[in-house]
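Worksheet for the structure shown next.
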């Protein structure tokens, strides 16, 4: 069996709110990113290796930082803990190293469990948990086994209805401003034990009618069955604050003639729902289309006639130009009601980031963009990769 299949784990995508709340959360998240809060990604990986960052405990707080509880879109993955295993449904959080369980389903110690006798209390933007620390075996997809992984076990939790906790999937060595010690990320554990060859993940999405796009995450490799052509890799930008995250350099235009951003830095972020542009670029985009803001959702809307005349957004990233079609720029019409919209209306997924260009972070390619492509977050080689899929130009 192919290594790609062995190292892959399915995830489920959940929209946590209606469009107006999602947009507000996206914009609030953008402000935190612009402020440089909670860096993660290859830049921090290198920094912490130089500093010899201490990573011994899952205890800590996330006050004022960026976490999965304040996003508009969330991802859940099935995770097995212990032997014999218990399966937990955990939020995937790419900005934290901490993994913990027990919010809904109880954790039962097994033959692989070791109680560290350490108390834990972690606070998030919209939740918290208290409990203790264990060392245990964590298994993903049946074949990725992280032995002696530090995890938190909740005795009580708030704000995690319907899930059992968080799978900390920071693709760098985490660095917490509010705690001296943090746990080694699961990916680091898998890499150091030789289970995966690189600290990287590949993310693909599967589109189904009348449902939000779910997908699959591949650890330490890429799955050639999930994309067409080749992967275009680009180095992480050196421009800050975008370079503190999964930052890339690029140009964005609407059609062939309307320049929106040139030689700008932005980020790719699965925790952001929409495609956000700096305010001045967003206004140019809105005028070019003639779109109006919908008071109920906060999103731009267009008429059928305007939609018929819309042109593609073009993203120049590295040596490649990516065609983001008019249909890719709208929320799937069959899912309008899931965001509090009206049946038959046309809502755009391009939104205002709330800050001017030239700030060092001029665009955020969130879920609405990434679901059309195959993306690779490669910490080991300090790069981001993007490839087209059969869904890139799908109507």
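In my numbering, the protein residues as written are -4 to 390. Cβ atoms here follow ideal geometry from the backbone N, Cα and C, with glycine treated the same way. This structure is a prediction, so every number in the text was calculated from the model and none was measured.
Per-residue DSSP class, three states only, for residue 94 = coil
What are the partner residues of residue 134, as DSSP defines its beta bridges?
-> 75 and 140
Distance, residue 102 Cα to residue 33 Cα | 29 Å
Pairing CB atoms from the region 188 to 205 with CB atoms from the region 130 to 143, are three or more of them under 8 Å?
-> yes
Let me know the secondary structure DSSP gives residue 235 once reduced to three states.
-> coil
Is residue 292 near residue 344, with beta carbons less than 8 Å apart?
-> no
Anticipated Cβ contact below 8 Å, residue 212 with residue 198, distance rounded | 5 Å
Look up residue 263 in the DSSP assignment and give the residues it is bridged to.
-> 360
Out of curiosity, what's the CA-to-CA distance linking residue 67 and residue 361?
-> 11 Å
Can you give the Cα-Cα distance for residue 224 and residue 274, rounded to whole angstroms?
-> 34 Å
Residue environment, residue 265, which counts as buried when at least 16 other CB atoms sit within 10 Å | Buried: at least 16 other Cβ atoms inside 10 Å.
On the premise that residue 389 lies in contact with residue 202, defined as a C-beta separation below 8 Å, what is that separation, rounded to the nearest angstrom?
-> 7 Å
Does the distance from the CB of residue 255 to the CB of residue 279 come in under 8 Å?
-> yes
For residue 152, which beta-bridge partners are listed by DSSP?
-> 124
Just how far apart, CA to CA, sit residue 281 and residue 295?
-> Just so you know, the alpha carbons of residue 281 and residue 295 end up roughly 8 Å apart.
Going by the CB atoms, is the gap between residue 298 and residue 260 shorter than 8 Å?
-> no
Burial state of residue 187 (16 or more Cβ within 10 Å) = exposed
Give the range of the beta strand (DSSP E) segment to which residue 7 is assigned.
-> 3 to 10
For residue 185, which option in 157, 367, 272 and 216 has the closest C-alpha, if you only look at C-alpha atoms?
-> 216
May I have the straight-line CA-CA distance separating residue 6 from residue 258, to the nearest angstrom?
-> Near 34 Å, if we compare the C-alpha coordinates of residue 258 and residue 6.
Looking only at its own chain, which residues have a Cβ that is under 6 Å from the Cβ of residue 311, when we skip the five neighbours before and after it?
-> 245 and 246
Taking the beta strand (DSSP E) that residue 270 falls in, what are its first and last residues?
-> 270 to 272
Can you tell me where the beta strand (DSSP E) with residue 378 in it begins and where it stops?
-> 378 to 383
Thinking C-beta only, is residue 365 closer than 8 Å to residue 236?
-> no
Below 8 Å between beta carbons: does that hold for residue 144 and residue 158?
-> no
Throw me the rounded Cβ distance for the residue 271 and residue 21 pair, which I believe falls under 8 Å.
-> 6 Å
Can you tell me the Cβ-Cβ gap for residue 359 and residue 348, rounded? I've got them flagged as a contact below 8 Å.
-> 6 Å
How is residue 257 classed by DSSP in three states: helix, strand or coil?
-> strand
How should residue 24 be labelled, buried or exposed, when 16 other C-beta atoms within 10 angstroms of its C-beta is the threshold for buried?
-> Classification for residue 24: buried.
So, helix, strand or coil for residue 249, using DSSP?
-> strand
Please report how far the alpha carbon of residue 338 lies from the alpha carbon of residue 303, in whole angstroms.
-> Those two C-alpha atoms are separated by around 18 Å.
With which residues is residue 195 paired in a DSSP beta bridge?
-> 373
One or two residues paired with residue 109 in a DSSP bridge | 130
Whole angstroms is fine: what's the gap from residue 327's alpha carbon to residue 118's?
-> 35 Å
Do you know whose CA, among 77, 251 and 87, lies nearest residue 105's CA?
-> 77
Presumed contact (8 Å Cβ cut-off) between residue 241 and residue 36, rounded CB distance | 5 Å
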